[in-house]
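Scroll down for the structure; my scribbles are underneath it.
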Amino acid sequence: FEEITLRGMFAESGYSLGVVLLTVCVQPAIVEELAFRGILLEALRRSLGFKAAVVVSACMFMILHLNPLMFPHLFLLGLFLVWLRSWSGSLYPCMVMHFTHNLLCVLTEMGG
14 FEEITLRGMF AESGYSLGVV LLTVCVQPAI VEELAFRGIL LEALRRSLGF
64 KAAVVVSACM FMILHLNPLM FPHLFLLGLF LVWLRSWSGS LYPCMVMHFT
114 HNLLCVLTEM GG
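So for the sequence shown, the numbering used here puts the first residue at 14; every next one is plus one.
This is the structure in structure tokens:
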């Protein structure tokens with residue numbers, strides 16, 4: 014069993030850092046925030062109430078990433094992003110935070 018890492022995935026493919034940033038940082042920040050803190054959170058809030066919607070959306074965000082070692086971290090990130098969405102009233106700060114998080118993960122992976 015070989016662990017799949019960002020470094021291995023993109024080094025072997027020959028993609029440039031720009032393509033890595035676009036596919037791992039920019040696109041997920043936009044698409045996942047629209048999906049999780051936009052559409053899904055509102056639908057869950059209407060059917061389950063706000064508190065349950067927060068927990069369910071954070072769990073779904075965590076599970077989407079398919080990395081059990083990161084589940085606690087991703088659950089907390091999901092909770093924080095819901096708080097940020099509620100506090101700001103906008104998805105844009107969530108997208109910026111999500112992009113920043115993913116960028117730090119890429120830089121850590123590439124550097125270490």
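Every residue, glycine too, gets a C-beta built ideally from N, C-alpha and C.
Residue i - containing alpha helix (DSSP H), residue span
i, result
"asparagine 91", "One detail in the question is off: residue 91 reads as glycine in this sequence, not asparagine. Note, glycine 91: alpha helix (DSSP H), 84 to 101."
"arginine 50", "That residue, arginine 50, is in no alpha helix (DSSP H); it is neither H nor E in DSSP."
"tyrosine 105", "105 to 124"
"leucine 77", "63 to 77"
8 Å Cβ shell around residue i - same chain, five flanking residues per side excluded
i, result
"serine 70", "Phe49, Arg50, Leu53, Leu54, Leu57, Gly91 and Val95"
"phenylalanine 14", "Reliability fails at phenylalanine 14, whose pLDDT of 38 lies under 50, so the model's placement of it is uncertain and the value that follows must be treated cautiously. Here the set comprises nothing."
7 Å CB neighbourhood of residue i in its chain, flanking five on each side removed
i, result
"valine 67", "Leu92 and Val95"
"methionine 110", "Leu94 and Leu97"
"leucine 120", "none"
"methionine 47", "For the sequence presented, residue 47 should be read as leucine rather than methionine. Excluding sequence neighbours, leucine 47 sits near Leu104."
"asparagine 115", "Val37, Cys38, Pro41 and Ala42"
Selection from the options that minimises the alpha carbon distance to residue i
i, options, result
"methionine 73", "Leu89, Asn115 and Phe112", "Leu89"
"histidine 78", "Leu117, Pro41 and Phe63", "Pro41"
Would you check if there are 3 or more beta carbon pairs closer than 8 Å linking the region 25 to 35 to the region 50 to 58? Judged by Cβ distances under 8 Å, the region 25 to 35 makes no contact with the region 50 to 58, as fewer than three pairs qualify.
With three or more C-beta pairs closer than 8 Å as the rule, is the region 70 to 84 touching the region 99 to 109? no
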